[in-house]
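Chains as they are written, first to last, in the numbering used here: chain A, 4 to 205; chain B, 4 to 205; chain C, 4 to 205; chain D, 4 to 205. Each residue gets a CB set at the ideal place from its N, CA and C atoms; glycine is no exception. None of these values were measured; they are calculated from a predicted model.
There are 4 protein chains.
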Amino acid sequence: MPKIVDKKEKRSRILETAIKVFAQKGVNNTKIADIAQAAGIGKGTVYEYYHSKEEIISDSFRHFMESMSGVIGRRLLHLRDPVDKLLAYFAAWGEIVDSEAMSYIEVVLDFWAEGLRQEKTAMTINLAEMYAEYRATVKSLLDECVSAGRIRPVDTQITASILLGTMDGLLVQWIADRDVFDIKLAIELLPKIFIAGMEGHG
Amino acid sequence: MPKIVDKKEKRSRILETAIKVFAQKGVNNTKIADIAQAAGIGKGTVYEYYHSKEEIISDSFRHFMESMSGVIGRRLLHLRDPVDKLLAYFAAWGEIVDSEAMSYIEVVLDFWAEGLRQEKTAMTINLAEMYAEYRATVKSLLDECVSAGRIRPVDTQITASILLGTMDGLLVQWIADRDVFDIKLAIELLPKIFIAGMEGHG
Amino acid sequence: MPKIVDKKEKRSRILETAIKVFAQKGVNNTKIADIAQAAGIGKGTVYEYYHSKEEIISDSFRHFMESMSGVIGRRLLHLRDPVDKLLAYFAAWGEIVDSEAMSYIEVVLDFWAEGLRQEKTAMTINLAEMYAEYRATVKSLLDECVSAGRIRPVDTQITASILLGTMDGLLVQWIADRDVFDIKLAIELLPKIFIAGMEGHG
Amino acid sequence: MPKIVDKKEKRSRILETAIKVFAQKGVNNTKIADIAQAAGIGKGTVYEYYHSKEEIISDSFRHFMESMSGVIGRRLLHLRDPVDKLLAYFAAWGEIVDSEAMSYIEVVLDFWAEGLRQEKTAMTINLAEMYAEYRATVKSLLDECVSAGRIRPVDTQITASILLGTMDGLLVQWIADRDVFDIKLAIELLPKIFIAGMEGHG
DNA sequence: GATGAATGAGGGTTCATTCAT
DNA sequence: GATGAATGAACCCTCATTCAT
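Right, here's the structure in full:
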């Protein structure tokens, strides 16, 4: 009777540990040994669950993305009014900022940096695809708003990019120096400017 | 003293080469040997002008920043109207996108990723300081606008962050996939939304 | 005591599996896990029957040797004429080439390579001892032939080495490229040259 | 003025050191660090001259082969009589046995073992090709002998294989235990048996 | 007895940095 | 000053072996 281990569960535990360590030391500066030690396991054990460091990295990225999508998805689920949904989308960012996941967000920059360099075909980190997905969601929210006559008929594709970019860029700035502004306040202010800027007859 | 001039000039040449190589291969994947080869000099020669790879990285960052500031500064120099200045600030980004410097912008993400991890005291890449500088500029532009009654009395500190963040985030998205939207169009659209969103009696 | 029989039987099964895997992948490239998997048992189980990989290797060598000796011994058993015996010895190689054991012969080179390196005292693979045994057999056959006046009084020790060497070397060459010559034909040709070369008044 | 190093010369020195170490410890048991230490250089320096251990191995093989070919070629160069040439070929082995190169011959077995496992397309160690080359040489010597009516019209292809195999196999046996027979004597005896065995009207 | 999860010593390789020429 | 040969610390990954179940 061999030792029975929930492989999936342990893989998850390693992954979460990895993300934490990535956040602390940076993806490139993190050694497999660091992850192993942080997880309280042997170096070799990591390789029982992941084939390579690269696989850990890309899985971390995917994991992080899915957390985000989850938070956002839950927020929008029960809303019907398109502007409410848009507002909820902004608000979801506020929630993420406070969430456990947020503490790992520093990794995202590493992923970005890594992702920009990847060939389009590479499986690992596909930044373009990630943005495409988010952009599609926001664009459809904006389209609903336009259809409902709640905002001017702006170019929703570009506007979606602007909204996403704003949140990303704001986050980076805040991480760089958390004392400079109150991120929650900033996120509250965002829709007031954006929605206001898009309202009206166009 | 021609030697001193030569020394400075050569340091510059190495730096510019380094930025190019960083952009192509990523900061982490760039070896000193790559820079030396690209610069057409010996590996050891690089160390005659720079004490370490780290120093090249931080100097690259500073150099890049100064290029940006230069472009923006020249744009704003002769303007008087505060809203014009704000618009010029946005427009400067459009110019940068087309500029020679822009071709190196892919490095910025590496700088970000690296910068976020640095201790505040570290000399290398001080993202916080960089943002502080930019934010101060934009904030003062916004303050002028508010003083002149051209926009609502918004929290100019946070708003400046939002504006900067928007441009950063937009850029990253565009780099990830340049076919998804027209960056020039996006930059033109930005002030229309922002200024509109901030106008009015507040 | 069925357990003891089982134990022996299972040890054999592991061994035979090991030889097969060794032949396919080479001794050095074969992992314990490979053997376990090929045997349809767990990795740990292998260690219930063998204390180390080294032991498996040396046992494989012994096993292989014994198979060969068996084939040859059976061939010579009922013969009386010394030259017939010598011819039968050659012929035995022809049989071995077709035998089940032959399919594993690719391992032999690994054994050779490993064996040459071993200290004389080491238990694992004693190439010298193996050759000594074979040589003694062939030498006594040759001595019989000389005594019977069937061949010239050659140095039977050296000649035995030559005969054995020829068969070994021929085999290796054939394994390297089986299309170059017909091994059965070569083995038939051997005694014609050797016996002829040793015949006569000396 | 950089340090000037005869790259080729140093590569050779590393190679020769490598062969020595391979001979002592076996190819598989030799660490790059061992080679470096034996050569009195740093581990990293080895990689300035060789891209991988694999490259060192295959180069060692090639080097060894070329030494052998050189010795043999020089022996045959000035001979005209076909049987003399054949005898010289045998004698060359006697010379090799005494030569500096011979002290490394233990590596050859590793090469063989490794070579047998290689795919035909693999560049590294091509045992089949090596044998083909040697076989062609010996076969043409035999063909000359047959044409000149000096030996029976044997199958020269197979006979060449037998001759080569004999020398290989003999060598291995001798390496396994050098006290058992005198290799020089054996090599002298070889042609007496072979030539005698092939002489006559057939 | 059987298992396979866990382990860590060990080896190949990279690369920033040094330094003799 | 310029160079590139030399170096070794570091890091990823492998795999024989152990051991708890």
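* Asked: When we look at the beta-carbon of M4 (chain B) and count the other beta-carbons within 10 Å, is it buried (16 or more) or exposed?
  -> Residue numbering aside, residue 4 (chain B) sits at position 1 when the second sequence is read from its first letter. Residue confidence is low: M4 (chain B) scores 42 on pLDDT, short of 50, so the model does not pin down where it sits. Its coordinate-derived value is still stated next. M4 (chain B) should be labelled exposed.
* Tell me, please, whether the region 140-155 of chain C touches the region 138-148 of chain D by the rule of three or more beta-carbon pairs shorter than 8 Å. => no
* Asked: Considering only residues of the same chain and omitting the five flanking positions on each side of R153 (chain B), which have a CB-CB separation below 7 Å?
  -> For the purposes of this step, residue 153 (chain B) is taken as residue 150 along the second sequence, with counting starting at 1. Contacts found: P85 and V86.
* For chain C, find out if any of its Cβ atoms is closer than 8 Å to the Cβ of W96 (chain D); answer yes or no. => Numbered from 1 along the fourth sequence, position 93 holds the residue referred to as residue 96 (chain D). No, because no Cβ of chain C sits closer than 8 Å to the Cβ of W96 (chain D).
* alpha helix (DSSP H) segment containing S55 (chain D), residue limits -> As a working note, residue 55 (chain D) is residue 52 in the fourth sequence. Premise fails: S55 (chain D) is in no alpha helix (DSSP H) and is neither H nor E.
* Should the region 178-197 of chain C be called in touch with the region 159-179 of chain D, which here means at least 3 C-beta pairs below 8 Å? -> yes
* To do: Starting from the beta carbon of I35 (chain A), find every residue of chain B whose beta carbon is closer than 9 Å, and list them in chain order.
  => Working through the first sequence from its first residue, we reach residue 35 (chain A) at position 32. Simply none; closest approach about 17 Å.
* What is the C-beta distance between V49 (chain D) and I17 (chain D), in whole angstroms, given that I count them as a contact (C-beta under 8 Å)? -> On the fourth sequence, position 46 is the one that residue 49 (chain D) refers to. On the fourth sequence, position 14 is the one that residue 17 (chain D) refers to. Correct: roughly 6 Å between the Cβ atoms.
* Every unbroken alpha helix (DSSP H) inside the region 122-193 of chain A [4 residues or more] -> Segments of the alpha helix (DSSP H) lying fully in the region 122-193 of chain A: 130-150 and 159-179.
* Asked: So, using beta-carbon positions, are V175 (chain C) and W115 (chain D) closer together than 8 Å?
  -> What you label residue 175 (chain C) is simply residue 172 of the third sequence in a count that begins at 1. What you label residue 115 (chain D) is simply residue 112 of the fourth sequence in a count that begins at 1. Going by C-beta atoms, V175 (chain C) is nearer than 8 Å to W115 (chain D).
* Fully enclosed by the region 18-67 of chain A, which alpha helix (DSSP H) runs are 4 residues long or longer? -> 35-42 and 46-52
* To do: May I have the straight-line CA-CA distance separating T20 (chain D) from V100 (chain D), to the nearest angstrom?
  => Numbered from its first residue, the fourth sequence carries residue 20 (chain D) at position 17. Numbered from its first residue, the fourth sequence carries residue 100 (chain D) at position 97. For T20 (chain D) and V100 (chain D), the distance between alpha carbons rounds to 20 Å.
* Asked: What three-state label does DSSP hand E98 (chain B) in the structure shown?
  -> By 1-based counting over the second sequence, the position of residue 98 (chain B) is 95. E98 (chain B) falls in the helix class under three-state DSSP.
* To do: Measure the CB-CB distance between A139 (chain D) and D180 (chain C) and report whether it falls below 8 Å.
  => In the fourth sequence, residue 139 (chain D) corresponds to position 136, counting from 1. In the third sequence, residue 180 (chain C) corresponds to position 177, counting from 1. No, they are not a contact pair.
* To do: Using a cut-off of 7 Å between C-beta atoms, extract the partners of Q176 (chain D) located in chain C.
  => Numbered from 1 along the fourth sequence, position 173 holds the residue referred to as residue 176 (chain D). Correct list: Y134, S164, L167 and G168.
* **Expected contact under 8 Å - CB spacing of G118 (chain B) and T169 (chain A) to nearest Å** => For the purposes of this step, residue 118 (chain B) is taken as the residue at position 115 of the second sequence. For the purposes of this step, residue 169 (chain A) is taken as the residue at position 166 of the first sequence. At roughly 20 Å, the Cβ-Cβ gap does not stay under 8 Å, so G118 (chain B) and T169 (chain A) are not in contact.
* Asked: What residues of chain C sit near F184 (chain D), judged by a beta carbon separation below 7 Å?
  -> Stepping through the fourth sequence from its first residue, residue 184 (chain D) is reached at position 181. In chain order: Q160, I161 and S164.
* Alpha-carbon spacing of G205 (chain A) relative to I196 (chain B), whole angstroms -> Taking the first residue of the first sequence as position 1, residue 205 (chain A) is located at position 202. Taking the first residue of the second sequence as position 1, residue 196 (chain B) is located at position 193. Note that G205 (chain A) scores a pLDDT of 46, beneath 50, so its modelled location is shaky; the value from the coordinates is reported in the next line. Distance between the alpha carbons of G205 (chain A) and I196 (chain B): 10 Å.
* Asked: Taking Cβ-Cβ distances shorter than 8 Å, what residues in chain D pair up with L90 (chain C)?
  -> Within the third sequence, residue 90 (chain C) is the residue found at index 87, counting from 1. Neighbours of L90 (chain C) on chain D: none; closest Cβ ~14 Å, over 8 Å.
* Going along chain D in order, which residues have a C-beta closer than 7 Å to the C-beta of L144 (chain C)? -> Position 141 of the third sequence, counting from 1, holds the residue named residue 144 (chain C). By Cβ distance, chain D contributes nothing, its closest Cβ being about 16 Å from L144 (chain C), past 7 Å.
* According to DSSP, is R83 (chain D) helix, strand or coil? -> Taking the first residue of the fourth sequence as position 1, residue 83 (chain D) is located at position 80. Of the three classes helix, strand and coil, the one that applies to R83 (chain D) here is coil, per DSSP.
* With 16 other CB atoms within 10 Å as the buried threshold, where does L90 (chain D) fall? -> If you number the fourth sequence from 1, residue 90 (chain D) lands on position 87. Counting the other CB atoms within 10 Å of its CB gives L90 (chain D) a total of 16 or more, which places it among the buried residues.
* Go ahead and pull the three-state DSSP assignment for V8 (chain A). => Walking along the first sequence from the start, residue 8 (chain A) turns up at place 5. The three-state secondary structure of V8 (chain A), taken from DSSP, is coil.
* Asked: Can you list, in chain order, the residues of its chain whose CB lies under 6 Å from that of K6 (chain C), leaving out five sequence neighbours each side?
  -> On the third sequence, residue 6 (chain C) is found 3 positions in, with the first residue counted as 1. For K6 (chain C), the predicted structure reports a pLDDT of 49, less than 50, and the residue's modelled location is therefore unreliable. A value from the coordinates is still provided. Closer than 6 Å at the Cβ level, and outside the excluded window around K6 (chain C), lies no residue.
* Within-8 Å CB hit, M71 (chain B) to chain A -> On the second sequence, residue 71 (chain B) is found 68 positions in, with the first residue counted as 1. Output row for M71 (chain B): interface = no.
* How close, in whole Å, do the beta carbons of L167 (chain D) and F93 (chain D) come, if the pair is a contact with beta carbons under 8 Å? -> The residue given as residue 167 (chain D) occupies position 164 in the fourth sequence. The residue given as residue 93 (chain D) occupies position 90 in the fourth sequence. Not really, about 11 Å apart at Cβ, beyond 8 Å.
* Taking Cβ-Cβ distances shorter than 8 Å, what residues in chain A pair up with M201 (chain B)? -> Residue numbering aside, residue 201 (chain B) sits at position 198 when the second sequence is read from its first letter. The contacting residues are I196, A199 and G200.
* To do: Could you check what DSSP says for G205 (chain A) in three-state terms: helix, strand or coil?
  => Residue mapping note: residue 205 (chain A) aligns to position 202 of the first sequence, counting from 1. Its pLDDT being 46, under 50, G205 (chain A) is placed unreliably in this model, and the coordinates cannot settle the point.
* Compare the C-beta of D113 (chain C) with all C-beta atoms of chain D and state if any pair is closer than 8 Å. => Your numbering for residue 113 (chain C) matches position 110 in the third sequence. So, interface residue.
* **Option in A:I198, A:G47, A:F64 and A:F25 with minimal Cα separation from R155 (chain A)** => Along the first sequence, read from residue 1 onward, the residue named residue 155 (chain A) stands at position 152. That would be A:I198, whose Cα lies nearest to the Cα of R155 (chain A).
* Asked: Any C-beta of chain B sitting closer than 8 Å to the C-beta of G172 (chain A)?
  -> Indexing the first sequence from 1 puts residue 172 (chain A) at position 169. It does; some Cβ of chain B falls within 8 Å.
* Nearest chain C C-beta to A179 (chain D) closer than 8 Å, yes or no? -> Indexing the fourth sequence from 1 puts residue 179 (chain D) at position 176. It does: the Cβ of A179 (chain D) has a partner Cβ on chain C nearer than 8 Å.
* Going along chain B in order, which residues have a C-beta closer than 7 Å to the C-beta of L193 (chain A)? -> Against the first sequence, residue 193 (chain A) aligns to sequence position 190. Residues of chain B passing the Cβ test: I165.
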